C-alpha cells in the first residue's frame, strides 16, 4: 500500500480524543490504521524485530506484512504512535507515553477509557431515551434537543 502522504491524518478538533469520546476516537483511529496497513502496529500483532547485521539491504515490505525490517518497524511504529498522539488533545495528561510503542499507547487507552466510555454511552443513551416532547413547548427546540443528545450518544458509542 503506497501513499504520497507520509503523515498520519489529523482529525478536526471536535473529533479529537479528549478523555470522554473514546469509542468514536477508537473507531476513527482503527479505520485510519487499517487504511494505511498499520493496524498490526496498533494492536501489537506486528512486533519489533531484532536488528540483523547484514551487508545486503533487505527488500522493502508492505505495511501490513508481519515481518518488517528493524528500520521499517521503527518508522511504521512512529507513524502509528503519531496517529494516536496527533489526534489526542492532551496526550500526556490522558496517560499516553510518547516514548512507548504504539501498541503500548493503544493498550493504555483501551484499559483506561473503554469501561468509562461504556458507562458514558449508557448514561448518554439514557438521557436521550428520557427526552419527551411536552405540550406547549417549541417543537423545533425539542428536535434540536433530540439531535444534540443523539450526537452526544453516538460520540460516546451508544447504539
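Numbering (our numbering), first residue to last: 71 to 229.
By construction, the Cβ of each residue, glycine as well, lies at the ideal position given by its N, Cα and C atoms.
Since the model is a prediction, treat every value here as computed from it, not as a measurement.
Item, Value
"Do the stretch 146-158 and the stretch 74-87 make contact, defined as three or more Cβ pairs closer than 8 Å?", "yes"
"Measure from the alpha carbon of residue 113 to the alpha carbon of each residue in 122, 228, 100, then state which is nearest.", "100"
"Could you give the DSSP three-state label for residue 158: helix, strand or coil?", "strand"
"Would you give the residue range spanned by the alpha helix (DSSP H) that residue 218 belongs to?", "209-226"
"In its own chain, which residues sit with a C-beta less than 8 Å from the C-beta of residue 142, not counting the 5 before and 5 after it?", "130, 131"
"Residue 150 and residue 165 - do their beta-carbons sit closer together than 8 Å?", "no"
"Between the alpha carbons of residue 214 and residue 98, how many angstroms are there, rounded?", "26 Å"
"Tell me the residue span of the alpha helix (DSSP H) that contains residue 110.", "109-113"
"Where does residue 87 fall in DSSP's three states?", "strand"
"Tell me where the alpha helix (DSSP H) around residue 94 begins and ends.", "92-106"
"Evaluate residue 162 with the Cβ neighbour count: other Cβ atoms within 10 Å of its Cβ, from every protein chain shown; 16 or more gives buried, anything less gives exposed.", "exposed"
"My output table needs one value for residue 144: the three-state DSSP class, helix, strand or coil.", "helix"
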